[in-house]
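For the sequence shown, this note's numbering begins at 150 and goes up steadily by one. Some notes on the structure that comes next.
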Amino acid sequence: MVRRLGPVFPAILALAAALPAQRFEDRELYAPGGQKYERFGSAVALDGQWGAVGHERDADLGPESGSVWVFGVDPTATGVWQLTASDGRSGDRFGCSLAAAGGVLVAGAWSADAPQVDSGAAYVFRWDPLAGAWNEEAKLDPAASVRGDRTGEAVAVSAEVVVVGAPGNDYSGAGAGLAYAWRWDPLAGSWVYEGWLWPGAGALDPDDSFGSAVAVSGDVAAIGAFGDDDLGSAAGAVWVFRFVPGFNYWSLETKLTAGGGAAGDLFGWSLALDGDTLAVGAPGANGRTGEVFVFRYDPVNRIWNQEAVLVDPAGAADDQFGRSVALSGDLLAAGAPGADEGGQDHGTALWFERAPATGQWLEQGRVLDSSPKLSEQQGERIALLGDALLVAAPNDRDQALGAGSAALVRHLRMRLFPQPSPPVAGQPLVVDLVGAEPLSPAWLAYSLDGPGSYGVPQLGVALNLATPRQAGPMLVTDPVGNASWLFTVPAAMAGRQAWAQALQRGGKSERISVVIQ
């Protein structure tokens with residue numbers, strides 16, 4: 150349970166209301182000439198120096214034909230590219246889904262004509278560094294696709310593998326769903342179809358929507374089916390497959406469901422997979438407050454274990470936390486497009502980081518918009534690579550109502566360093582904060598009661614401390630995001646353990662613990 154802020158931090162209470170809304174976006178992205186209801190931000194992807202944003206209702210090739218915009222997202226990358234399908238037409242919804250890795254970009258078009266009218270497809274583009282251009286390389290369209298399959302509604306890419314979901318496929322029943330895999334053959338210079346990813350006869354039921362979310366990392370793929378009914382209507386499930394080299398097929402490894410899952414959870418609505426870690430969004434859980442489940446693969450016992458259930462400490466009904474998820478190493482991000490973050494349904498995204506020592510996932514802050522508006526649905530789609538997070542707001546109205554936008558945000562890895570360590574009773578102590586938001590207010594909190602959870606809604610964070618107290622004054626960080634507090638440790642503190650954490654508007658440091666000598 151998260152406790153709300155009481156009179157513990159009077160300085161924060163007094164100052165937070167007077168603080169201007171800080172701009173945590175490094176860069177705002179818009180479609181050039183964005184129009185009403187075009188929903189720029191229908192999908193997002195990150196790959197190295199590039200960020201891609203889907204624009205599925207763009208009308209350049211006809212109403213709702215769709216396009217994808219690619220932007221340079223670091224100082225070494227410049228330029229803007231608009232990508233469209235070579236055979237695009239009205240209603241294709243090209244750009245409804247995106248995935249990128251290793252200079253390869255995959256864009257879904259769930260209503261493209263391939264091979265039948267409105268059966269759907271995915272398009273593969275590859276970056277040519279010599280020409281400085283993105284070239285269409287392949288159109289992935291299973292021969293058995295028929296109208297209504299929605300092939301391409303979800304796509305994923307990793308190294309030389311592309312996985313494409315077709316949640317409307319009727320092979321196992323109306324709307325039961327299916328997924329497909331292709332592998333790049335460098336000798337042939339083409340994408341070779343590998344076959345279905347299918348859990349087998351009797352595993353799926355009508356309206357399961359298997360393939361509505363897909364993820365792949367190396368030779369492991371995860372396929373979501375938010376309509377699965379094993380734990381109740383639309384409780385949801387995820388199937389994990391592993392490629393078998395030599396035999397060249399995808400073998401079903403396991404079916405995952407939420408611990409404590411219930412009807413309407415929509416477990417499997419979103420997926421992210423990085424190595425042996427799988428994140429699964431369940432935006433319908435707890436009255437659509439939402440949850441994210443994290444699983445870790447145990448290679449010794451060859452099983453996937455549920456290691457965490459993540460929630461928004463400030464979550465409320467209809468926030469839909471977990472509607473989007475993304476993973477990059479020990480960082481995880483989750484979108485909550487229904488959160489009332491500065492306005493009803495404006496939306497947000499939250500950071501989590503896995504603590505190296507304990508393996509525990511700790512909430513590290515949230516994305517705050519500098520100019521929030523109603524119903525923008527920030528966090529509907531997200532992409533994460535390293536410390537860069539691309540957050541879509543497809544209903545953003547900065548250009549026009551529902552024109553859409555995306556924001557590039559950098560994760561601040563705030564750290565505390567006490568000197569000396571451990572502190573000595575009766576002696577001076579310096580606590581250094583590094584990696585914080587530059588030129589911004591920062592506070593230091595401590596507790597003698599251990600870990601806990603203590604909400605600070607004025608700053609949009611929840612401290613991981615029990616009954617925290619403010620230590621020292623509020624400081625303003627320097628131009629590189631550092632600050633230092635100087636104390637004299639009371640002599641009576643010898644032998645006591647203390648916990649500390651720094652916080653800013655929208656962010657906090659890792660929690661540290663010391664035993665005073």
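Using N, Cα and C, we set each Cβ at its ideal position, and we do this for glycine too. Computed from a predicted model, the values in this text were never measured in an experiment.
Quiz item: Leaving out the 5 sequence neighbours to the left and right, which residues in its chain are closer than 6 Å to ASP545 when beta-carbon positions are compared?
Solution: GLU525, GLY553, SER554
Exercise. Mind the definition here: the stretch 250-261 touches the stretch 304-312 only if three or more C-beta pairs lie below 8 Å; say whether that holds.
Key: yes
Self-check item: Proximal residues to GLN171 (C-beta, below 8 Å), its chain only, five neighbours per side dropped
Solution: Caution is warranted here: a pLDDT of 36 is assigned to GLN171, below 50, making its placement in the model unreliable, and no coordinate value can be reported.
Exercise. Please determine if the stretch 405-418 and the stretch 343-355 are in contact, where contact requires at least 3 C-beta pairs separated by less than 8 Å.
Key: no
Quiz item: What span of residues does the alpha helix (DSSP H) with ARG437 cover, start to end?
Solution: 434-437
Exercise. Out of GLY190, ASP196, GLY244, ALA201, point me to the one whose CA is closest to SER214's CA.
Key: GLY244
Quiz item: Do the stretch 483-500 and the stretch 619-636 meet, that is, are 3 or more Cβ pairs less than 8 Å apart?
Solution: no
Quiz item: Given a threshold of 16 other Cβ atoms within 10 Å of its Cβ, counted over all protein chains shown, does PHE392 qualify as buried or as exposed?
Solution: buried
Quiz item: Under 9 Å, do PHE220 and GLY203 count as touching if we go by C-beta distance?
Solution: no
Quiz item: Using the C-alpha atoms, what's the distance from ARG176 back to GLU512?
Solution: 23 Å
Exercise. Give the range of the beta strand (DSSP E) segment to which ASP277 is assigned.
Key: 270-277
Exercise. Along the beta strand (DSSP E) that carries LEU511, what are the first and last residues, could you check?
Key: 510-515
Exercise. For GLN576, count neighbouring Cβ atoms within 10 angstroms of its own Cβ and tell me buried if that reaches 16, exposed if not.
Key: exposed
Quiz prompt | Terminal residues of the beta strand (DSSP E) in which ALA431 lies | solution = 426-431
Quiz item: Any idea if PRO572 is buried or exposed, counting beta-carbon neighbours within 10 angstroms, 16 or more meaning buried?
Solution: buried
Quiz item: From THR616 to GLY484, what does the alpha carbon distance come to, in whole angstroms?
Solution: 29 Å
Exercise. Check whether the Cβ atoms of SER239 and LEU210 sit closer than 9 Å, and answer yes or no.
Key: yes
Quiz item: Unbroken beta strand (DSSP E) runs of length 3 or more, entirely within the stretch 615-659: which are they?
Solution: 632-637, 646-653
Self-check item: Nearest candidate by alpha-carbon position, reference GLN493, set SER477, GLN527, ALA506
Solution: GLN527
Practice problem: Compare the Cα-Cα distances from LEU289 to each of ASP236, GLY551, ASP277, TYR320 and report the closest residue. | Solution: ASP236
Quiz item: If you draw a straight line from the C-alpha of GLY228 to the C-alpha of GLY200, how long is it?
Solution: 11 Å
Quiz item: To which residues of the same chain is PRO212 closer than 6 Å at the C-beta, ignoring the five residues directly before and after it?
Solution: SER239
Practice problem: Compute the distance between the beta-carbons of ASP468 and GLY439, then report whether it is under 9 Å. | Solution: yes
Practice problem: Taking VAL229 as part of the beta strand (DSSP E), name the residues at either end of that continuous run. | Solution: 229-232
Quiz item: Can you name the residues that DSSP bridges to GLN527?
Solution: GLY496
Practice problem: Could you pull out every residue in the same chain whose Cβ sits closer than 6 Å to the Cβ of TYR632, ignoring the five residues on either side in sequence? | Solution: Just to set this straight, residue 632 is Ala in the shown sequence, not Tyr. Once the five neighbours on either side are set aside, the close Cβ partners of ALA632 are LEU582, ALA591, LEU624, THR626.
Practice problem: Specify the secondary structure class of LYS185 as computed by DSSP and reduced to three states. | Solution: coil
Exercise. Count the CB pairs spanning the stretch 605-621 and the stretch 558-567 that are closer than 8 Å, and state whether there are at least three.
Key: no
Quiz item: To the nearest angstrom, how far is it from the Cα of ALA532 to the Cα of GLU343?
Solution: 27 Å
Quiz item: Under the three-state reduction of DSSP, which class applies to ARG559: helix, strand or coil?
Solution: strand
Practice problem: May I have the straight-line CA-CA distance separating PHE390 from VAL579, to the nearest angstrom? | Solution: 51 Å
Quiz item: Under three-state DSSP, which class holds GLU490?
Solution: coil
Practice problem: Report yes if the CB atom of GLU502 is closer than 9 Å to the CB atom of LEU538, and no otherwise. | Solution: no
Quiz item: Hey, is the stretch 460-478 in contact with the stretch 421-435, meaning 3+ C-beta pairs nearer than 8 Å?
Solution: yes
Quiz item: Whose CA, out of PRO278, GLN265, GLU659, lies closest to the CA of GLY584?
Solution: GLU659
Self-check item: CB contact flag (SER294, SER321, <9 Å)
Solution: no
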